[in-house]
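Numbering (the working numbering), first residue to last: 80 to 362.
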């Protein structure tokens, strides 16, 4: 009998059915779940277990008909072990965890991501397009160079179809604007006269800069940011390794997506994060 749900505390073994190199040191996978799950919400995550190596949180790029899509950049031994996996290999999945992005209506949507942060933003882009509202979708992506841009061809195709406005930034100028997406975003906000919501995922230091910029523009009615780049062990709030100061909110259950009101209460945001020992380290 097919199980109806994933497990909170035990990995469910699932098979890799597709693998491709998305960009430099980054692979994407489609994984067939032995459970009936039709969809996930943008910003939610799963815990991925690579047998014999490690378990870590991964954002969801897509989920349809029990086929899970994830994008995994090379970050350490655990992700390197996953990169060695091929079609037909088994990995463990548990979840789905976390609070998602919650797009309102009647605003322009500004999505800003860098590196691994593009994974949850891919699913958010798909959801916003499917909503078929008349508001404009802007996707800002930053990377060190052209060969590190995630989902570049897919996003460019959506731009060419008129479904989104795609803003590309690279540190070396090999694609798009030379510089950081934060600079491109602020230039856009200076010229915009429409109410907007900012959604961000990626390096927390980058998101803190985005947050500080957004606060200066009254037309930015909310900011929703994913703090998934934090050490998380259990994924369901039991261990509190991912708790933030001074609120004690746990990233895995109270987040990973937080809005403006809550981000303003997190003194750790963009400043400190905790190691697996619980020790605080400056970002």
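Even glycine gets a Cβ: it sits at the ideal position worked out from N, Cα and C.
These figures come from a predicted structure and were not determined experimentally.
For the alpha helix (DSSP H) containing residue i, list its first residue and its last residue.
{"i": "residue 285", "result": "283–293"}
{"i": "residue 318", "result": "Counting along the chain, residue 318 falls outside any alpha helix (DSSP H), and DSSP gives it neither H nor E."}
{"i": "residue 330", "result": "330–333"}
{"i": "residue 262", "result": "260–270"}
{"i": "residue 160", "result": "156–162"}
Along the beta strand (DSSP E) that carries residue i, what are the first and last residues, could you check?
{"i": "residue 141", "result": "141–143"}
{"i": "residue 105", "result": "105–111"}
{"i": "residue 101", "result": "91–102"}
{"i": "residue 391", "result": "Because residue 391 is not part of the residues shown, which for the chain are 80 to 362, the question remains open."}
Mind checking who residue i pairs with in its DSSP beta bridge?
{"i": "residue 130", "result": "Per DSSP, none; premise fails for residue 130."}
{"i": "residue 304", "result": "279 and 337"}
{"i": "residue 353", "result": "359"}
{"i": "residue 345", "result": "Bridge partners of residue 345: none, in fact."}
{"i": "residue 322", "result": "329"}
{"i": "residue 249", "result": "222 and 257"}
If I'm right that residue i touches residue j with Cβ under 8 Å, what's the distance once you round it to whole angstroms?
{"i": "residue 222", "j": "residue 193", "result": "7 Å"}
{"i": "residue 303", "j": "residue 105", "result": "Wrong, their Cβ atoms sit about 24 Å apart, outside the cutoff."}
{"i": "residue 123", "j": "residue 175", "result": "5 Å"}
{"i": "residue 142", "j": "residue 172", "result": "The Cβ separation is near 11 Å, so there is no contact."}
{"i": "residue 284", "j": "residue 362", "result": "5 Å"}
Under 9 Å, do residue i and residue j count as touching if we go by C-beta distance?
{"i": "residue 293", "j": "residue 277", "result": "yes"}
{"i": "residue 332", "j": "residue 178", "result": "yes"}
{"i": "residue 49", "j": "residue 225", "result": "Residue 49 is absent from the model: the chain starts at 80 and stops at 362."}
{"i": "residue 167", "j": "residue 94", "result": "yes"}
{"i": "residue 127", "j": "residue 186", "result": "no"}
{"i": "residue 242", "j": "residue 275", "result": "no"}
{"i": "residue 135", "j": "residue 311", "result": "yes"}
{"i": "residue 307", "j": "residue 191", "result": "no"}
{"i": "residue 151", "j": "residue 111", "result": "no"}
{"i": "residue 229", "j": "residue 195", "result": "yes"}
{"i": "residue 249", "j": "residue 289", "result": "no"}
Problem set entry | Every unbroken beta strand (DSSP E) within the segment 168–246, with a cutoff of 3 residues, ordered by chain | 169–176, 187–193 and 216–222
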